[in-house]
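S.K.:
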Amino acid sequence: MRINRIGLTAVALVAAGALTLTGCSGGGTTDSKPSANASAIITTNGSEPQNPLIPTNTNEVGGGKILDAIFAGLVYYDADGKPVNDMAESIDTDDSQTFTIKLKEGNTFTNGEDVTAQNFVDAWNYGAALDNKQLSSYFFEDIEGFSYDENVATLSGLKVVDDTTFTVTLKQPTADFPLRLGYSAFYPLPKAAFEDIDAFGQNPIGNGPYKLDGEGAWKHDESIALVKNDDYKGGREVKNGGLTITFYAQQDAAYSDLIAGNLDILDAIPDSAFGSYESDLGDRAVNQAAAIFQSFAIPERLEHFSGEEGKLRRQAISMAINRDEITKVIFQDTRTPAKDFTSPVIDGFSEDIKGNEVLTFDAKKAKELWDQADAISPWTGTFQIAYNADGGHQGWVDAVSNQLKNTLKIDASGAPSPTFAEVRTAITDRTIKTAFRTGWQADYPGLFNFLGPLYATNAGSNDGDYSNPEFDALLKKGQGETSEEAANKDFQDAQAILMEDLPVIPLWYANVNGGYGEDVDNVKFGWNSVPLYYDVTKG
Amino acid sequence: MARYILFRLLQAIPVLLGTTFLIYFMVFAMPGDPLLALFGDKTPNPALLEQLREQYHLNEPFFVQYLYYLGGIFRFDFGVSYSGQPVTEILAQTFPVTIRLAILALLFEMIAGILIGLVSGIRKGGIFDASALVVSLILISLPIFVTAFLGQYFLGIALGWFRPTVGAGAPIQDLILPALVLASISFAQIVRLTRSSVIETKNLDFVRTAYSKGLSSKRIVPVHILRNSLIPVVTYLGTDFGVLLVGATVTEGIFNVPGVGRTLYQAILKGEGPTVVSFVTVMVLIYLVVNLLVDLLYAVLDPRIRYAK
Amino acid sequence: MPNSTQKPSPGHFVAPLEETPLVAIDSVKTDGKPSNLWIDAWRDLRGRPMFWISSVIILLVVVVALFPGLFTQTAPNDNCELSNSNAGPSEGHILGFTRQGCDVFARIIYGTSTSLSVGIIVTVLVFTLGILFGAFAGFYGGWIDAVLSRAGDIFFSIPYILAAVVIMSVFSSNRNVWVISLAIGIFAWPATARVLRSEILRVKNADYVTAATAIGVKRFNILWKHVLPNSIAPVIVITTISLASAIVAEATLSFLGVGLPSSVMSWGNDIGQAQTTLRQAPQVLIYPSLALSLTVLAFIMLGETVRDALDPKARALR
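Chains as they are written, first to last, in our numbering: chain A, 1 to 539; chain B, 1001 to 1309; chain C, 2001 to 2318.
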């Protein structure tokens, strides 16, 4: 999951995930205009990377966008989120537990080093070792030998066979492991990186479609300049001369630049322009579903929310929220009301999960359920939803509170904290005494990524401490399947259990909202809300 | 005079210690673990978190952390931000931009504010005075983010007179619009202050003497009235320069100025103690020097004020 | 005999005594109340229409703040329906609705007390601290000046946004008018103190201060009775404006997400939230701003008249 927190009026979504400049592989019609200039530099918005530009230490969109442009992993995701081999020739397995990975020959880093199996294994070992304190180390958790208790310099599950072949052995069968390999944490690193990793983090050397425009191309807090890497031979063929990413602290500023013609592509529309951006931009406005799921959690441990009473109250609250109205009025249709716990852009998504009528507004039913819960134990106090005030959440939290007030006749309000750190600390320490906002942006386009890390017993981001053995069993079954369809079926069944228990109240899927200027063409947004920059042409 | 200046410069040492301590304490007192925020909505493994805490000395008690920091300063090592950039580099990058912006804003508010205040004061109760009151009132009652947004929209986008945000390298022409917005807040204060001071001065004996000597207004107004009215205004401008250096958070955010206010605010939100303290340290130094200059200016404006020490 | 035709020079001409008769003093009124600056000022104020107009507005605002229920029947925070979002005026809702579908007029009425309190508390805080620090620093000079002025420097160089974030975080479960006023005021007084100090530096060299010292008036009394009243004018100007700045600062803090929670109604909160709908529904921004401007205007007018009344020189010439 990738963090996306842009200063003041940030995107509603803080946590956010995956990256990869995904690519539209074959079949895309990308015939560029005759006037297009192959050396033109595309300008776009971004945010200052929070960490040095090391793939395993970058977990937020600001840095992720850059890494995806300058690195190439085993696979990349196309516009629909399908993995396409990039550095990999093949990824094979018989049991979803041991994988044999063969690389294409002749790929190089921009310093001339060949991309070999050793580069991948070294990079992954580096990312997994506890002493290296890499923020994305959890991506290697499933590989045999991984440990949080001691420093493991080389994972026993990674074996180099020859220059272009290595094998990966996992702790248990994980059917969607190959799908994960397009995530930035799995990128290879050149040998030069390990000589001085700090210096590398400021001037990274990659193997992707773009490269840094010389030493010091990263001007902190201002911009980063990338140019086309002519040595890249993968599927993401670059149709422009380069990419300059300007860092903005506020999306309003970026939007103003787009309107004034100073910016070619914008991938986030500020709240203040929700009502007007489609008329400002006409057919250059983009509004499409994204792999971002938003919700709020009501932990079992809260008073009145345990056992049968809690179940009734969660259902009542869910049915008291008019998602259609909020997405329309507050978000001006830049959100899509939720029908499940994942996202419509993910393969295997279904609108017809059993029991999902609990996500439909029904004031009468909601009040009935609430009254039934009151019969078990009468409601007292105020229902509050905690959120970080620096993320632009106030609008919808207030709207949800008002609807709960009006429908359930209870007192409800938002509970803002000034900083994200404060909310996260209260959630992690389990000291939070209210419901709280949650959100998830997928790391990779798979259903499991929306379920396993969030609701499996004792999972890393299971902040509400939800636990249901039946749900766990279905997830495990799904990961053991060898066919994708069978796995997705299991994951859908697992969601039917969630519909009943509602560990979080699903709200909506965030859309990706963006726009582009008159000079550019062929602008498409990938499954992960990042534009496919390499495909863009500028006349 | 020289002794007075030396004395004042020596006073900077306790002020610096006091400020860095206070600021470090404030960042420390902010609830929430800044490292957790690095992980977004994902909860990190406790073992990994512990390792990171050690790296940033966050598991030490407050005083130890502060001493680590102070020790660093004496070695001219201001620390490194989470993104791996030395803080000294961030300082060298952002301060020139913000100082340019602040000087520009100061010029605007000084010229416009003193002129309008002077005319208002001399023609007290007239149409000009009343209109100046209304205009400054409107500017006061609009929060800066509204002024900035309106300015950006109308002057930047609709009319296209300025670039709506500040481009690479923050050239002066791009800074004019944010400087105007910044100046709009203090402009009102300067107008009111100049006006009130002028009203007071123009009734003083020496002004009446000057008139009865038959001197013309052309000479009396600038030489006698204005000069003697400027002390409170100059003082206010001095403090305002400090405000402009630190308080441009909102404006710099809206116009995307890569300056102190924007960077500092981000650092505050991220809980990057060393970055925040280093910024404030430099700000204090600038502020102390400006205040000293203002105090020395008093003696120029009013010869009766003497610094004996 | 000297030449008697020599005329006296015009500069030394003195009129004969009979041409400038002395006016006889019949009696001296000895039972009259002693006059002082404050009594004189009040006499002066009574005769000014500006004073009465601004006082009436302020009184009205205070009444609204104390008894909001007298002015609207609508409960401002209940029955906010999204279907009314940003809607224009309608029967019973003369100013229309906010983005959340709440009644704009009712929110302004109920927000008065919060905003006024923030303004007044901050102003009192800034005024008191500013006078204490500025007066002593300027008048006594030397090491007192050094200590007080540098203390002011410390407070002043801390960015108030940082202070606000910290204070609002520490009190995050208990955010109220007092906390936010503290957050705004505690780092704002040094500007006032410095301006007062500069005025005092100027005034303390005046002849009447020297005279008072010469006849043996105590130092503190000189400061309190002579120097301070003659230096206070710019402070009053800054203070009346800072009342407005405080109310506006509350809006800015809301905009940055560290203001009062949205369940607490205030003009600043409304203005802060209106920013997102500025393009579609300007009325949501305009009305609370108008309320703010009117209140501020009243206080500035009051400040001006009080300033004039306190200044004996301006009074004499009126």
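Glycine included, C-beta positions come from ideal geometry on N, C-alpha and C.
From this set, C/V2296, C/A2135 and C/V2056, which residue's C-alpha is nearest C/V2237's C-alpha?
M.R.: With distances taken between Cα atoms, C/V2237 lies closest to C/V2296.
S.K.: Would you list the residues sitting across from B/V1080 in a DSSP beta bridge?
M.R.: Note: B/V1080 sits in a beta bridge opposite B/P1086.
S.K.: With 16 other CB atoms within 10 Å as the buried threshold, where does C/A2214 fall?
M.R.: The residue is exposed, with fewer than 16 neighbouring Cβ atoms inside 10 Å.
S.K.: For the region 2269–2288 of chain C, which residues have a CB atom closer than 9 Å to at least one CB atom of chain B, in sequence order?
M.R.: The region 2269–2288 of chain C vs chain B, Cβ under 9 Å: I2271, G2272, A2274, Q2275, L2278, R2279 and L2285.
S.K.: Let's test the definition: count the other Cβ atoms within 10 Å of the Cβ of A/L258 and tell me whether it reaches 16, buried, or not, exposed.
M.R.: Buried, because 16 or more other Cβ atoms sit within 10 Å of the Cβ of A/L258.
S.K.: Please say whether C/T2277 and C/R2099 have beta carbons closer to each other than 7 Å?
M.R.: Yes.
S.K.: Is it the case that the Cβ atoms of A/V512 and A/K65 are separated by a distance below 7 Å?
M.R.: No, the pair does not count as a contact, with Cβ atoms beyond the cut-off.
S.K.: Check whether the Cβ atoms of B/A1105 and B/L1301 lie closer than 7 Å to each other.
M.R.: Cβ atoms of B/A1105 and B/L1301: not closer than 7 Å.
S.K.: For a minimum of 3 consecutive residues, which ranges assigned as the beta strand (DSSP E) are wholly contained in the region 202–264 of chain A?
M.R.: List check, beta strand (DSSP E) in window: 210–212, 223–228 and 242–247.
S.K.: Label C/G2152 either buried or exposed according to how many other C-beta atoms from any shown protein chain fall within 10 Å of its C-beta, with 16 as the threshold for buried.
M.R.: Label assigned to C/G2152: buried.
S.K.: Measure from the C-beta of B/N1256 to each C-beta in chain A and report whether the shortest distance is under 7 Å.
M.R.: It does: the Cβ of B/N1256 has a partner Cβ on chain A nearer than 7 Å.
S.K.: Between A/G464, A/G460, A/F448 and A/F140, which lies nearest to A/L474 when the distance is taken from Cα to Cα?
M.R.: Per the Cα distances, A/F448.
S.K.: How big is the Cα-Cα spacing for A/R407 and A/K367?
M.R.: Looking at the sequence itself, residue 407 of chain A is Thr, so the reference to Arg does not match. Answer to the nearest angstrom: the Cα atoms are 7 Å apart.
S.K.: To be precise: take each residue of the region 409–433 of chain A, compare its Cβ to all Cβ atoms of chain B, and keep it if any distance is under 7 Å. Which residues remain?
M.R.: Those residues of the region 409–433 of chain A that come within reach of chain B (Cβ to Cβ, closer than 7 Å) are T419, F420, A421, E422, R424, T425 and T428.
S.K.: By the three-class DSSP mapping on this structure, what secondary structure does C/T2192 have?
M.R.: In this structure, C/T2192 counts as helix in the three-state DSSP scheme.
S.K.: What residue does the alpha helix (DSSP H) around A/L103 start on, and which one ends it?
M.R.: Where A/L103 is concerned, there is no enclosing alpha helix (DSSP H), although the beta strand (DSSP E) it sits in stretches over T98 to L103.
S.K.: Using a Cβ-Cβ cut-off of less than 8 Å, list which residues of the region 232–265 of chain A approach chain C; keep chain order.
M.R.: So nothing in the stretch comes that close.
S.K.: With DSSP as the reference, label C/H2093 as helix, strand or coil.
M.R.: C/H2093: strand per DSSP, three-state reduction.
S.K.: What number of angstroms, rounded off, separates the C-alpha of A/D80 from the C-alpha of A/F109?
M.R.: The alpha-carbon atoms of A/D80 and A/F109 are separated by roughly 27 Å.
S.K.: List the whole-angstrom C-beta distance separating A/E422 from C/S2085, where the pair is believed to meet the contact cut-off of C-beta under 8 Å.
M.R.: Going by Cβ atoms, the distance from A/E422 to C/S2085 rounds to 30 Å, so no, they are not a contact pair.
S.K.: Just how far apart, CA to CA, sit B/P1044 and A/T425?
M.R.: When rounded, the distance between both Cα atoms is 11 Å.
S.K.: Strictly below 8 Å CB to CB, what residues from chain B border A/P52?
M.R.: Going along chain B in sequence order, the residues near A/P52 (Cβ under 8 Å) are S1083 and G1084.
S.K.: For the alpha helix (DSSP H) holding B/H1141, just list the boundary residues, first then last.
M.R.: According to the sequence shown, residue 1141 of chain B is Ser rather than His. I1127 to S1141 is the span of the alpha helix (DSSP H), which, as asked, contains B/S1141.
S.K.: Where does B/V1166 fall in DSSP's three states?
M.R.: Here B/V1166 sits in coil by DSSP.
S.K.: Which first and last residues belong to the alpha helix (DSSP H) in which A/W370 is found?
M.R.: That run of the alpha helix (DSSP H) goes A363 to I376.
S.K.: For C/P2076, which residues in chain A fall below 7 Å Cβ to Cβ?
M.R.: Correct list: empty, because the minimum Cβ distance to chain A is about 12 Å.
S.K.: Which one of A/E113, A/E105 and A/V84 has the shortest CA to CA distance from A/P178?
M.R.: Here the closest residue by C-alpha is A/V84.
S.K.: Could you tell me which chain A residues have their CB closer than 9 Å to the CB of C/V2165, listed as they occur along the chain?
M.R.: Simply P418 and T419.
S.K.: Does any residue of chain A bring its CB to less than 7 Å from the CB of C/S2054?
M.R.: It does not: the Cβ of C/S2054 has no partner Cβ on chain A nearer than 7 Å.
S.K.: Taking the beta strand (DSSP E) that A/F383 belongs to, which residues open and close that run?
M.R.: From DSSP, the beta strand (DSSP E) with A/F383 extends over T382 to N388.
S.K.: Work out the CA separation of B/L1204 and C/L2116 for me, nearest whole Å.
M.R.: Computed Cα separation, rounded: 37 Å.
S.K.: Scan the region 452–537 of chain A and note each continuous alpha helix (DSSP H) run of 4 residues or more that stays entirely inside, going in chain order.
M.R.: Counting only runs of 4 or more, we get 469–480 and 484–501.
S.K.: For the region 1024–1045 of chain B, which residues have a beta carbon sitting closer than 9 Å to at least one beta carbon of chain A?
M.R.: Answer set for the region 1024–1045 of chain B: M1030, P1031, G1032, D1033, P1034, L1035, L1036, A1037, L1038, F1039, G1040, D1041, K1042, T1043, P1044 and N1045.
S.K.: From the beta carbon of B/R1192, is the nearest beta carbon of chain A less than 7 Å away?
M.R.: No, B/R1192 does not count as interfacial toward chain A.
S.K.: Using the Cβ count rule (16 or more neighbours within 10 Å means buried), how would you classify A/F383?
M.R.: That one is buried.
S.K.: What first and last residue would you give for the beta strand (DSSP E) that runs through A/E89?
M.R.: Here the beta strand (DSSP E) through A/E89 covers A88 to T93.
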